[in-house]
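Student: Take this structure first; my questions come after.
Residue numbers (the working numbering): 289 to 362.
Put into structure tokens, the structure is as follows:
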């Protein structure tokens with residue numbers, strides 16, 4: 289079996305947040321993480337943009353009083 293670039297070692301310690309941070313550190317501003325269509329034009333978001341948006345969302349929730357262990361539905 290040949291390992292692809294998407295190959296990932298799955299361990300019991302691997303979580304979605306850890307995987308997300310790993311990708312952000314690995315690619316930063318050098319690679320597009322996703323694209324969003326805005327006014328008919330596709331806008332690229334780098335891994336750094338994605339990280340910044342997640343960070344601001346989390347900081348906003350903390351400023352509203354959310355604490356570790358609280359549940360949030362989106």
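We treat Cβ as the ideally placed atom computed from N, Cα and C, and that holds for glycine. Nothing here was measured: the structure is a model prediction, and the numbers come from that model.
Under 9 Å, do residue 309 and residue 302 count as touching if we go by C-beta distance?
Tutor: Stepping through the chain shown from its first residue, residue 309 is reached at position 21. Stepping through the chain shown from its first residue, residue 302 is reached at position 14. Cβ atoms of residue 309 and residue 302: not closer than 9 Å.
Student: For residue 388 versus residue 334, is the C-beta distance shorter than 9 Å?
Tutor: Given a span of 289 to 362 for the chain in the structure shown, any question on residue 388 remains unanswerable.
Student: Going by DSSP, what residue range makes up the beta strand (DSSP E) through residue 323?
Tutor: Taking the chain shown and counting its residues from 1, one reaches residue 323 at position 35. Looking at the DSSP string, the run of the beta strand (DSSP E) that includes residue 323 is 320-326.
Student: Given the structure, does residue 314 come close to the ligand ZN, in the sense that its CB is under 8 Å from one of the ligand's heavy atoms?
Tutor: The model depicted lacks the ligand ZN and carries no ligand whatsoever.
Student: To the nearest angstrom, how far is the alpha carbon of residue 342 from that of residue 332?
Tutor: Within the chain shown, numbered from 1, the residue matching residue 342 stands at position 54. Within the chain shown, numbered from 1, the residue matching residue 332 stands at position 44. Distance between the alpha carbons of residue 342 and residue 332 is about 16 Å.
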